Amino acid sequence: MEFNLDNLVRETIKDLAPYSTARHEFSGEAKVMLDANENAAGSPVTLDINERHEQLNRYPDPIQLKLKERISNIKRIPVDHIFTGNGSDEAIDLLIRIFCEPGFDNIITLPPTYGMYSVAAAINNIKVKEVALDADFQLNIQGIADAIDDYTKIIFICSPNNPSGNSIIRQDIEIILNNFDGIVVVDEAYINYARQKTLSLQLMDYPNLVVLQTLSKAWGLAALRLGMAFAGKEIIRLMNNVKYPYNINIATQELALKALQNVEQVNGWIRDTIAQRELLADALKQMDITRKVYPSDANFLLVQMTGANEIFGYLQQKGIIVRNRSNVPGCEDCLRITIGTEEENHILIEALKAYCEK
Ligand SMILES: *Cc1c(COP(=O)(O)O)cnc(C)c1O
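Residue numbering for the sequence shown follows my numbering, beginning at 8 and increasing consecutively.
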């Protein structure tokens, strides 16, 4: 296969003259900043962080350089291979808009999987070809090969996969990377919980690879909205050209920067969550209502239960909310249960035991 980025990018995007902000054109330390029509007097609230009271009247760094430098350090990926966005969702939407011509092109998704790929495609009038994962939630390589046509621009692979929880076999992902000359997006939202290593250190081997990660899961920052994409420089440049100029606000930039110092704390949580996951899986397996607990490389369990709908309703009545996936093809009678604190998991287990004894 011959990967040629130029042939993949939409003409309108290729020829785009990106908006150049005042902050793009000047980034040094200035004494007098009269270039961006900001309110020079200050802001009515400040961002209070590390004993500083930061004014909010100035536009933030449009390319989030400090934040990317810290991410670069942690992830061992050069800054110019990093995009940061308003959640992974921004990266998903941008990739579709950069590569897929509305009304012509298509993407391939591998259900059951994360819903945003097809929603972002639908919003952009991009056809979605679905190639179901097999009974073990692994890739149907032949099915994917058969589905690819001249208009297929992106294949979305979620690993570990949501909602099944398993990692996709790495060699299978590499077969797709080696044989598809479009973009392969590997969504690693749950990689911190996985036994399998990230693909983000393989960017040099695969020019068509885009890896997505997020601060929303293991990093405990879902409310902050910070997603990351790792890819070749040219793909990152295109994403920066198409994004809103100030896509990451200063509060998110500063708070994420601070949060990223706490690697040890996050690693501790990851170990705890994995331990809790195994305890919860064992407890569920002992219940008569449980038909199958799928192996998980994530911070949730997909559990097939007799009467999943009824159990879902019962738990809801008790104030315990899990995700009902029983209407999702491939997940019949399944609930997706996020691993909570030890106490929350205990409450769940006791409620399910009481249900069994009814
Ligand atoms: C939760 C999740 C994300 C995270 O999305 P954000 O927009 O970064 O919060 C991405 N992909 C998958 C598969 C997820 O489950």
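We treat Cβ as the ideally placed atom computed from N, Cα and C, and that holds for glycine. Source: prediction; values computed, not measured.
Subject >> Burial state of Q293 (16 or more Cβ within 10 Å) >> reply: Here the question's residue 293 lines up with position 286 in the sequence shown. By the neighbour-count rule (16 or more Cβ atoms within 10 Å), Q293 is not buried but exposed.
**OP:** Thinking I190 and I164 are a contact (beta carbons under 8 Å), I'd like their distance in whole angstroms, please.
**Re:** The residue given as residue 190 occupies position 183 in the sequence shown. The residue given as residue 164 occupies position 157 in the sequence shown. At roughly 11 Å, the Cβ-Cβ gap does not stay under 8 Å, so I190 and I164 are not in contact.
Original post:
With 16 as the cutoff for other CB atoms within 10 Å, does H88 come out buried or exposed?
Top reply: For the purposes of this step, residue 88 is identified with residue 81 of the sequence shown, where counting begins at 1. H88 should be labelled buried.
**OP:** Between the Cα of I369 and those of L322, K365, P336 and E364, spot the shortest distance and give me the residue it belongs to.
**Re:** This structure cannot settle anything about residue 369, because the visible part of the chain is limited to 8 through 365.
Subject >> Anticipated Cβ contact below 8 Å, W276 with G347, distance rounded >> reply: Position 269 of the sequence shown, counted from the start, is the residue given in the question as residue 276. Position 340 of the sequence shown, counted from the start, is the residue given in the question as residue 347. By a beta-carbon distance limit of 8 Å, W276 does not contact G347. Their separation comes to about 12 Å.
Original post:
Does the Cβ-Cβ distance between D194 and Y121 come in under 8 Å?
Top reply: By one-based count along the sequence shown, residue 194 stands at place 187. By one-based count along the sequence shown, residue 121 stands at place 114. Yes.
**OP:** Please indicate yes or no: does the CB of C165 lie closer than 7 Å to some heavy atom of ligand 1?
**Re:** Here residue 165 is taken as the residue at index 158 of the sequence shown, counted from 1. C165: yes, Cβ under 7 Å from ligand 1.
Original post:
Under the rule that 16 or more other beta-carbon atoms within 10 Å means buried, what is M246, buried or exposed?
Top reply: Locating residue 246 in the sequence shown gives position 239, counting from the first residue. Buried: at least 16 other Cβ atoms inside 10 Å.
Subject >> Environment of ligand 1 in chain order, Cβ to heavy atom below 5 Å >> reply: G94, S95, D96, Y121, C165, N169, D194, A196, T221, S223 and G234
Subject >> Reduced DSSP secondary structure (H/G/I, E/B, other) of C107 >> reply: By one-based count along the sequence shown, residue 107 stands at place 100. Three-state result, C107: coil.
Original post:
Given a threshold of 16 other Cβ atoms within 10 Å of its Cβ, counted over all protein chains shown, does P336 qualify as buried or as exposed?
Top reply: Walking along the sequence shown from the start, residue 336 turns up at place 329. It counts as exposed.
Original post:
Out of I161, V39, N93 and G49, which has the shortest C-alpha to C-alpha gap to S125?
Top reply: Against the sequence shown, residue 125 aligns to sequence position 118. Among I161, V39, N93 and G49, the Cα nearest to that of S125 belongs to I161.
Subject >> Residue of N199, A142, V217 and T259 minimising C-alpha distance to S207 >> reply: Position 200 of the sequence shown, counted from the start, is the residue given in the question as residue 207. Taking only the C-alpha atoms, the option nearest S207 is V217.
**OP:** Spell out a yes or no on whether the segment 166-186 and the segment 36-55 are touching, meaning 3 or more CB-CB pairs, one atom from each, closer than 8 Å.
**Re:** no
Subject >> Integer-rounded CB distance, given that Y200 should sit under 8 Å from I281 >> reply: The count along the sequence shown starts at 1 and reaches residue 281 at position 274. The count along the sequence shown starts at 1 and reaches residue 200 at position 193. With a Cβ gap of about 6 Å, I281 and Y200 count as contacting.
Original post:
Any contact of the segment 324-342 with the segment 252-261, i.e. 3+ C-beta pairs under 8 Å?
Top reply: Counting Cβ pairs under 8 Å, fewer than three are found: no touch.
Original post:
If you draw a straight line from the alpha carbon of N269 to that of E45, how long is it in whole angstroms?
Top reply: By 1-based counting over the sequence shown, the position of residue 269 is 262. By 1-based counting over the sequence shown, the position of residue 45 is 38. Cα-Cα distance, rounded: 33 Å.
**OP:** Measure the alpha-carbon distance for E317 versus K360 and round it to whole angstroms.
**Re:** Walking along the sequence shown from the start, residue 317 turns up at place 310. Walking along the sequence shown from the start, residue 360 turns up at place 353. The straight-line gap from Cα to Cα measures roughly 14 Å.
**OP:** May I ask you to verify whether the segment 21-30 touches the segment 58-76, counting CB pairs closer than 8 Å and requiring at least 3?
**Re:** Using a Cβ-Cβ distance cut-off of 8 Å, the segment 21-30 and the segment 58-76 are in contact, since at least three pairs of beta carbons, one from each stretch, lie closer than that value.
Original post:
Between which two residues does the beta strand (DSSP E) containing T53 stretch?
Top reply: The count along the sequence shown starts at 1 and reaches residue 53 at position 46. Taken as a continuous stretch (DSSP letters only), the beta strand (DSSP E) holding T53 covers T53 to I56.
Original post:
In the DSSP assignment, what residue or residues form a beta bridge with V310?
Top reply: What you label residue 310 is simply residue 303 of the sequence shown in a count that begins at 1. Its beta-bridge partners are V300 and L342.
Original post:
Is it true that the CB of K250 sits closer than 8 Å to the CB of L101?
Top reply: Reading the sequence shown from its first residue, position 94 is the one you call residue 101. Reading the sequence shown from its first residue, position 243 is the one you call residue 250. The answer is yes: Cβ separation under 8 Å.
Original post:
Quick one: is E350 buried, meaning 16 or more other Cβ sit within 10 Å of its Cβ, or exposed?
Top reply: Here residue 350 corresponds to residue number 343 of the sequence shown, with the count starting at 1. Result: exposed.
**OP:** Could you spell out where the alpha helix (DSSP H) holding L206 opens and where it closes?
**Re:** Reading the sequence shown from its first residue, position 199 is the one you call residue 206. Where L206 is concerned, there is no enclosing alpha helix (DSSP H), given that its DSSP letter is neither H nor E.
Original post:
Would a C-beta distance cut-off of 8 Å place I105 and A127 closer than the cut-off?
Top reply: Here residue 105 is taken as the residue at index 98 of the sequence shown, counted from 1. Here residue 127 is taken as the residue at index 120 of the sequence shown, counted from 1. No, they are not a contact pair.
Subject >> Nearest residue (CA-CA) to Q220, options K38, R59 and E97 >> reply: Start at 1 with the first residue of the sequence shown, and residue 220 comes out as number 213. Selected option, being the one with the closest Cα: E97.
**OP:** Just tell me which of I255, P69 and S171 has its CA closest to the CA of P25.
**Re:** In the sequence shown, residue 25 corresponds to position 18, counting from 1. For the residues I255, P69 and S171, the minimum Cα distance to P25 belongs to P69.
**OP:** Just tell me which of D212, I257, M312 and Q324 has its CA closest to the CA of R332.
**Re:** The residue you call residue 332 lines up with position 325 of the sequence shown. Nearest C-alpha to R332: M312.
**OP:** Kindly indicate which three-state DSSP category L162 falls into: helix, strand or coil?
**Re:** Counted from its first residue, the sequence shown places residue 162 at position 155. Correcting the residue type first, residue 162 is Ile in the shown sequence and not Leu. Of the three classes helix, strand and coil, the one that applies to I162 here is strand, per DSSP.
**OP:** Would you identify the three-state DSSP class for T120, choosing helix, strand or coil?
**Re:** Numbered from 1 along the sequence shown, position 113 holds the residue referred to as residue 120. The answer is coil: DSSP assigns T120 none of H, G, I, E or B.
**OP:** Return the chain-ordered list of same chain residues with a C-beta closer than 6 Å to the C-beta of A305, the five sequence neighbours on each side being excluded.
**Re:** The residue labelled residue 305 in the question sits at position 298 within the sequence shown. So the qualifying residues of the chain are P167, G172, Y197 and Y200.
Original post:
By DSSP, does D194 sit in helix, in strand, or in coil?
Top reply: Translated into the one-based positions of the sequence shown, residue 194 becomes position 187. Correct three-state label for D194: strand.
**OP:** Would you mind stating whether E137 and T159 have Cβ atoms separated by less than 8 Å?
**Re:** Counting from 1 along the sequence shown, the entry for residue 137 is found at position 130. Counting from 1 along the sequence shown, the entry for residue 159 is found at position 152. Result no, Cβ atoms of E137 and T159 do not sit closer than 8 Å.
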